[in-house]
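Our numbering applies: residue -10 is where the sequence shown begins, and numbers increase by one. For each residue, glycine too, the CB sits at the ideal point set by N, CA and C. Have a look at the structure below, then the notes.
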Amino acid sequence: MSKVAMIGGPPTQSSEGWLKPMFPITGRAHYFEKEFELPALDGQGVAVSWHSLCGIDAISTGKMPMFDAGNWVRCKRCEQQIEGRSAA
Ligand SMILES: [Zn+2]
-10 MSKVAMIGGP PTQSSEGWLK PMFPITGRAH YFEKEFELPA LDGQGVAVSW HSLCGIDAIS
50 TGKMPMFDAG NWVRCKRCEQ QIEGRSAA
């Protein structure tokens, strides 16, 4: 199999959607929803708490932004959650 480069999008402006945190570097894009903002520990702006449909928590800051998913592979568990929502 050839290795396909995963290209993330720009830092997101969305509060919900298919997103890719800066860490971990590898992995998949998850469907994240913005939970709340809090003052960043380094004093630079705000940090944002995110929660994915499959249960992953992530924090983004100005230095470690949340990115649009680009062509990252999407998490299967998040996709199932979305299908469950639309079927309900
Ligand atoms: Zn997920």
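> Can you tell me whether DSSP reads R66 as helix, strand or coil?
Replying inline: helix
> Going straight from the alpha carbon of P(-1) to that of M55, what length do you get?
Replying inline: 9 Å
> Any heavy atom of ligand 1 closer than 7 Å to the CB of L27?
Replying inline: no
> How about I71: is its Cβ closer than 7 Å to a heavy atom in ligand 1?
Replying inline: no
> Per DSSP, M55 forms a beta bridge with which residues?
Replying inline: P10
> If H40 and F21 are in contact, beta carbons under 8 Å, what's the gap, nearest whole angstrom?
Replying inline: Sure, about 7 Å apart at Cβ, within 8 Å.
>> On the DSSP letters alone, give me the boundaries of the beta strand (DSSP E) that A36 sits inside.
In response: 35 to 41
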